[in-house]
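Asks: Taking UniProt numbering, the leading residue of the sequence shown gets 1, the next gets one more, and so forth. Cβ atoms here follow ideal geometry from the backbone N, Cα and C, with glycine treated the same way.
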Amino acid sequence: MAEAATLEALLANLPTPAALLQPVTPTVDAQKSEMHRNAGNVLFKRRDWKEAAQKYSSAIRCATLAAEQPEQSQLRALAFANRSAALFELGMFRESLVDVHFAMDNGYPDDLMPKLLRRRASCLLAIWKDASRSSLVQLESCSALVDLDDRNQNGKDIVETALKDALESVKGTEIEKLVQRDVKEWEKVAKLPLKSTTKSKSEKEVWVIGQNDKTNDRRLLASSNVSNGTVVIQEAPTASVLDPKFYNSRCFECSSALGLAPQCCDSCVNVWFCSAKCKSAPFHTSVCFFLPHITQQQDLLSLKLYFLLRDVPSLTESIISLKSHINDRPTSTIETSLSHFKTLTLSLNLPENTPILLTQLFYRIECNSFTIKSTSTSGTNSSSTVETKNQTPIGTAIYARASLFNHNCIPNCIAFFDPNGSIRVQTCRDVAQGEELNISYGPMAGRMNRDERKQALKEKWFFECRCVGCLGQQDGGAVEQSRFLKAFRCPSIGCDFPVDVRDKVCGGCGVPVEDSLQKAKQTMMKAMKVVDYVQANTVDESVAVEQLQTALEAASAVSHPLSHQLCTFKDVLAQMYADTGDFNNAGKLIASTLPTISLIFGEKSVEHAQEMFKLCTLWYSAKNFVELKEVGPKCLDLYVKLKLDEEEQNELEFMLMSL
1 MAEAATLEAL LANLPTPAAL LQPVTPTVDA QKSEMHRNAG NVLFKRRDWK EAAQKYSSAI
61 RCATLAAEQP EQSQLRALAF ANRSAALFEL GMFRESLVDV HFAMDNGYPD DLMPKLLRRR
121 ASCLLAIWKD ASRSSLVQLE SCSALVDLDD RNQNGKDIVE TALKDALESV KGTEIEKLVQ
181 RDVKEWEKVA KLPLKSTTKS KSEKEVWVIG QNDKTNDRRL LASSNVSNGT VVIQEAPTAS
241 VLDPKFYNSR CFECSSALGL APQCCDSCVN VWFCSAKCKS APFHTSVCFF LPHITQQQDL
301 LSLKLYFLLR DVPSLTESII SLKSHINDRP TSTIETSLSH FKTLTLSLNL PENTPILLTQ
361 LFYRIECNSF TIKSTSTSGT NSSSTVETKN QTPIGTAIYA RASLFNHNCI PNCIAFFDPN
421 GSIRVQTCRD VAQGEELNIS YGPMAGRMNR DERKQALKEK WFFECRCVGC LGQQDGGAVE
481 QSRFLKAFRC PSIGCDFPVD VRDKVCGGCG VPVEDSLQKA KQTMMKAMKV VDYVQANTVD
541 ESVAVEQLQT ALEAASAVSH PLSHQLCTFK DVLAQMYADT GDFNNAGKLI ASTLPTISLI
601 FGEKSVEHAQ EMFKLCTLWY SAKNFVELKE VGPKCLDLYV KLKLDEEEQN ELEFMLMSL
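1) Looking only at C-alpha atoms, which of Val-170, Gln-180 and Ser-122 sits nearest to Ile-158?
2) The beta strand (DSSP E) with Gln-296 in it runs from where to where?
3) Grab me the residues of residue 664's own chain with a C-beta within less than 7 Å of its C-beta, minus the 5 sequence neighbours each way, in chain order.
4) Looking at C-alpha atoms only, which residue of Leu-485, Lys-486, Leu-573 and Leu-350 is the closest neighbour of Gln-547?
5) For the stretch 240-254 against the stretch 268-277, are there 3 or more C-beta pairs whose distance is under 8 Å?
6) Taking Leu-348 as the reference, give the member of Leu-552, Asn-327, Phe-289 and Ser-318 with the closest Cα.
7) Is the beta carbon of Glu-3 closer than 8 Å to that of Ile-209?
8) His-325 by DSSP, collapsed to three states: which one?
9) Check whether the Cβ atoms of Thr-396 and Leu-301 lie closer than 8 Å to each other.
10) Grouping DSSP H, G and I as helix and E and B as strand, with all else coil, what is Gly-210?
11) Can you confirm whether the stretch 421-436 touches the stretch 275-294 when touching is taken to mean that 3 or more C-beta pairs between the two stretches lie within less than 8 Å?
12) Buried or exposed: Leu-471, going by 16 or more other Cβ atoms within 10 Å of its Cβ?
13) Can you check the stretch 304-357 for any alpha helix (DSSP H) of at least 4 residues that lies completely inside it and give the ranges in chain order?
14) Check whether the stretch 395-413 touches the stretch 487-504, counting contact only when three or more Cβ pairs, one atom from each stretch, lie closer than 8 Å.
15) Just grab the DSSP bridge partners of Asn-406 for me.
16) Spatial neighbours of Val-183 within its chain, please: CB distance less than 7 Å, with the 5 preceding and 5 following residues excluded, ordered by chain position.
17) Does the Cβ of Tyr-533 have 16 or more other Cβ atoms within 10 Å, making it buried, or fewer, making it exposed?
18) Could you give the residue range of the beta strand (DSSP E) that holds Gln-22?
19) How would you write the range of the beta strand (DSSP E) that Thr-427 sits in, first residue to last?
20) Locate the beta strand (DSSP E) running through Ala-79, then write down its first and last residues.
21) Quick one: grab the DSSP three-state call for Thr-593.
22) Output the residue ranges of the alpha helix (DSSP H) runs that lie fully inside the stretch 519-587 and measure 4 residues or longer, sorted by chain position.
23) Label Ala-19 either buried or exposed according to how many other C-beta atoms from any shown protein chain fall within 10 Å of its C-beta, with 16 as the threshold for buried.
24) Would you identify the three-state DSSP class for Ala-53, choosing helix, strand or coil?
25) How far does the alpha helix (DSSP H) with Glu-235 in it extend, from its first residue to its last?
26) Please report the residue range of the beta strand (DSSP E) in which Ser-240 lies.
27) Could you tell me whether the stretch 306-319 touches the stretch 447-462, where touching means 3 or more Cβ pairs closer than 8 Å?
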């Protein structure tokens, strides 16, 4: 392979690194563990179970290394036991059971063991009761959690054994009656049947892999007519890594948000895991003490893929077949990467040729990876009725099948990310049989002008985009949509052509616009400063409304009526109106953004659906059922077709019941 030969030749001429990376050993802090545990105990007595659990988690983290010292060996067990109590009070019985198991494994004091055994039995009893009410299948998985000697015990035996152990340990103590009560309850619960789950049938794939006749590149084609909102691909990442900024709030292995029972690494305590399963994944142990040195996500993902391909060689072809454009890059850039990975290779004591494979993986990641995003909502305060959806990048992932999607500035598919990092790609319009299925790599016709899109795609992905949006061949002028992102008014009276910041003359009437644009941009900057100030500071609501009204008036005077930048002003002002209880004026502002959102993103777009949902919540709060009746059904229909947030769908259905 020419690529490998090029890398091999470059690597041979690289000098040996002057210094290797040194493992970072964490410090032991038993005193902090005790401090956090005591704080948790205070919160527990106040019945603040959630905050108590978080304090106990901090105690576990600090106690993990201290447990290696004989005199501090019980600290970790005590912290796990305390957290199990808080989780039990919160009804998180499975998580509580795991912590009970850890406490028992870490030298929990014998004199306190009866309470722990009783909690263990109570957890198992509660889990069984839940299994009899819901669609949980069996309790056998709990045997793995509590590490029983006989893993072949069935669910009933597990519960009965736990209750028997608890009853024997508490004889003559104050909690004996509590365990006896559990035993009597178990006699009733054991007779309840467990409901079984039925596996959902796998849907037939709606795509086939084709080939571009001109470039020989792979592409995904619709194997039949595909309707809007159809899920094309749904898959877990082949490999993914978390942005280091989120090491304290998300799982290192799967990127899920941490619950109240996270588990930290037993060696470095630099990262958290959401479960025992994620903690047992092998990758972290390979980089554990070197993790503070590996701060770039692409480097970390290259290493993770390297170890994955080493352990699962069958994946190699699907990953190496992805585009890397190594031969299109400057030699100096490739040498820098090889040198960097040579240092990593020697530091981690990996095979001599590893820098070549790591470099190959690095550039395939650069060209084919996806940014994992987490959806959150924001308002001006915690009780805000008007909420804006925010997409926060939290990590990077490679998906074996989703990587086959080619780019289009006007895509027919859109990617969503589940909390565990899985990707779901679904159509955003009807797609005909044989038509290529595509997504946007980032640049889109509605969000960037054509020249900016083409430059971004050429610089990062090394191709000249020739989609209809870039060639100007789409009916309705998709290229012109980008003009409305930051469109200004033409100074000529009666001309409604959207003036772009780069224009020298108006494209509609030919009037020179450079001088008026300069003044308009200054006006917009001043108005935006008002918005930024209100959002960043605590301002009296009535004062904030007045300031934002003035800013919106100034921005409206120089902006095209359909300019997307006006939507920012209207959103923030609508939030303020809603916070003061003026839902009607808030609704009018959001309603005025819909023509712009529809124009730029499309009437059947996710963005249009979410803006309509925002409007529905305002009309409902204002008890303006006439307006709600107009927009609500359209919004619900779009949510169903696009398979958007189910909770919001349920909210819409509830609101429409009032009509």
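Replies: Working from what's here:
1) Cα-wise, what sits closest to Ile-158 is Ser-122.
2) Segment: none, Gln-296 is in no beta strand (DSSP E) and carries neither H nor E.
3) With the chain running from 1 to 659 in the structure shown, residue 664 is simply not present.
4) Leu-573
5) Short answer: they touch.
6) Phe-289
7) no
8) For His-325, the secondary structure class from DSSP, reduced to helix, strand or coil, is coil.
9) yes
10) strand
11) no
12) exposed
13) 316-320 and 331-347
14) no
15) Asn-438
16) Leu-163 and Leu-167
17) exposed
18) Careful: Gln-22 lies outside any beta strand (DSSP E) and carries neither H nor E.
19) Segment 423-427, the beta strand (DSSP E) holding Thr-427.
20) For Ala-79, there is no enclosing beta strand (DSSP E); the enclosing alpha helix (DSSP H) covers residues 74-89.
21) helix
22) 541-558 and 565-579
23) exposed
24) Helix at Ala-53.
25) First-last for Glu-235: 231-235, but that is the beta strand (DSSP E), not the alpha helix (DSSP H).
26) 239-242
27) no
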